[in-house]
Structure formats: structure tokens, C-alpha cells
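Numbering (our numbering), first residue to last: 398 to 654.
For glycine and all other residues, C-beta sits at the position ideal for the given N, C-alpha and C.
Note that the coordinates shown come from a computational prediction; the quantities given were computed from them, not determined experimentally.
See below for the structure under consideration.
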Amino acid sequence: MATQRGWLVLPGFLAILLTAALPAEGQNTAALERQLTRRVDEYYKLFVSGEWRKVQDYITEDSYDIWLAQPKNTIQSYEIKEVKVAPDRKQADVTVAATFLIPQFPAPLTQPQRSQWVYQKRQWFVRLPTPRDINDIFKEVFGTKGPASQPQPVLSPLRFDQNPIRLPGREGAGEITVQVPFQNETTTVVTVKDLSTNCPCLKAEVDKTEVQPGEKGILTVTYRTPASDSPSRRLVVQATLSPTMFLLDLPVEFSNE
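And the structure:
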């Protein structure tokens, strides 16, 4: 047995402490691959269930805007084909066979998806690539070119008169309420789902959850000064807009900050 400063330390327990303290560079590659495989499995399950908000817990911070701008489509199933951790144990390449249901095709389409993962803060996160030209996708799947077009960011089906939402200065204000008009600028009915905020001090409501084409509505945002210090993080109103499953993030800012 080993002792240090009068404390009795069991050799096995000491080994556990040392292992827990090791950075990624000192961890076993096989253990990192098992951890990453579990992480990839959790990530792709969200694409089967369509739980889009949870996806952001698996992506790098610099991928967040890319994820918001991408169209959201579920997959039927998936199979993890390869998980390969780089020699530096800080990044990895993953290949997954994802099966899609596409209306234009009589049978499900299975396509290999390759992604790059990075090890940050003792956890794996996927770094999303910038959107590709549709020609690249057609060439990868079918070996031929598709129609010429450039990828465009997905736009919100609802246009808000304020984006970001502007509130008067919060100093000395017990409660602040603003009403923000919005309009459906599409030709289909838009449904507002999972309306929420990222702070208990902020409340958001809409006067209608189903908005007809061309119809207008009102978003009411109320800020209540918290009992403790004001939140330092950026305030956001969030919602999912169907049928395109658009993830709406409306920043809330104060005019004097």
C-alpha cells in the first residue's frame, strides 16, 4: 500500500484517480472510440425521432448557425459503419449509412454519411460542414450531375417585424412587455410549436398557433427583472415552425446595452 501525508491510498483507487484526471491525449483510443460510438448513436436517434432542439447538444459551437439554416428531415434508420479516432485523439472520422424515405423514389434510399467529430471538454461533438451544392450530392449518390443550383439558407416561414426583438433598458424596470407583429409569407399553413425562452425571466406568447397563408399575428414578449442578478447570457425566444420544422431563434436585446 502507498501512503502520502498520513493518508492511506489503495493502489487500485490511485489508478482510478489518475485515469480520471488524464486528458484526451492520455486516454485509451479504444475507450474513446466506444465513447464516440455511443455519442454518434444518440445523435442519429434524434434524426429518427425528429427531436431537433436536442441536436444542438451534439454539435460544435461554430456549427450552430449552420444547423439552424439547414432543412430538417427525419431518417428511417441508420447503421454506424466506422468510427476512427485520429492519432492525436482530438478528432475522429465517422461513417454512418442513413436510410431516407423520399417521395420521388419508390423505395427507401440508403446513403453513406461521413462526419468529423472533435473532442472538447471531455466530450465528442460533430462539426457540421457548410452546405454543399446539390450537384455534389447527386454525383455522390448517382454518379451523375443534378440540376445546377447553389444551396440557400432556409428562411423562416414567418416574418417578424423585429429580429432581434428590442426591449427598453432593463435598469429599474420591474416588468417590460412588447408586442411584435408577424406574418405568414408562405402558401401553406404554419404551425407554431414548442414556443419557449431560455430564461425564467422571459415569457413569450402568440395570439394564434396556426397561421394561414398571408395571415398576421402577434408575439407578446414579457421580461420580468429576476430577484438575483440579471442573466449574462443572450436571451432568446425559441419555437419550431411546421411543416418545414424550421427552428426559430429570435434574440432579445435591450436598447441601452
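Mapping DSSP to helix, strand and coil, what is residue i?
i: L429; result: helix
i: I456; result: strand
i: S474; result: strand
i: L506; result: strand
i: A483; result: coil
i: D558; result: coil
i: I499; result: coil
i: T527; result: coil
i: T434; result: helix
i: L552; result: coil
i: L465; result: helix
i: R450; result: helix
i: K442; result: helix
Which one of the options has the shortest CA to CA distance from residue i?
i: A495; options: K487, D485, N581 and Q508; result: Q508
i: P554; options: D462, L592, Y455 and F643; result: F643
i: L552; options: D462, Q513 and L616; result: D462
i: T619; options: L564, A636 and L638; result: L564
i: L498; options: P623, V633, Y475 and T574; result: Y475
i: T617; options: F522, Q609 and K605; result: K605
i: W431; options: A601, T457, A489 and T622; result: This sequence places Arg at residue 431; Trp is not what is there. Comparing Cα positions, the closest option is A489.
i: V603; options: R524, R631, N595 and A636; result: A636
i: T574; options: Q517, V586, F651 and K518; result: F651
i: V608; options: T584, Q517, P468 and V493; result: T584
i: D454; options: K518, Q576, R631 and L592; result: K518
i: L632; options: G611, I615, T594 and P610; result: T594
i: V491; options: V523, T457 and V649; result: V523
i: Y441; options: Q467, A601, L429 and I472; result: I472
i: I615; options: L592, V634, Q576 and A601; result: Q576
In angstroms with no decimal places, state the Cα-to-Cα distance between residue i and residue j.
i: Q547; j: K481; result: At Q547, the pLDDT of 45 sits below 50, so the modelled position is not reliable and the matter cannot be decided from this model.
i: K560; j: K487; result: Per the sequence presented here, residue 560 reads as Asn, with Lys not at that position. C-alpha separation (whole angstroms): 37 Å.
i: L645; j: E572; result: 24 Å
i: F657; j: K613; result: Beyond the ends of the chain as shown, which are 398 and 654, falls residue 657; an answer cannot be given.
i: N470; j: P640; result: 11 Å
i: Y444; j: D459; result: It should be noted that the sequence gives Phe, not Tyr, for residue 444. Roughly 20 Å separates the two Cα atoms.
i: F502; j: T588; result: 28 Å
i: G566; j: N581; result: 30 Å
i: L599; j: I562; result: 12 Å
i: F385; j: P505; result: The chain is shown from 398 up to 654; residue 385 falls before or after that span and cannot be answered.
i: W659; j: V452; result: For the chain, the structure presents residues 398 to 654; residue 659 sits outside this window and is missing.
i: R450; j: N425; result: 32 Å
i: P526; j: G447; result: 20 Å
i: Q513; j: E479; result: 12 Å
i: R436; j: W521; result: 7 Å
i: L647; j: T622; result: 19 Å
i: Q510; j: I456; result: 16 Å
i: T434; j: V515; result: 13 Å
i: V586; j: D438; result: 34 Å
i: V429; j: P610; result: The amino acid at residue 429 is misidentified as Val; the sequence shows Leu. Taking the straight line joining both Cα atoms gives about 50 Å.
i: V649; j: A483; result: 40 Å
i: L592; j: V493; result: 32 Å
i: D351; j: A601; result: Not covered by the structure: residue 351. The range shown for the chain is 398 to 654.
i: V634; j: K590; result: 12 Å
Residue ranges of each beta strand (DSSP E) run of no fewer than 3 residues wholly in the stretch 601-654, ordered along the chain? 613-621, 632-639 and 643-651
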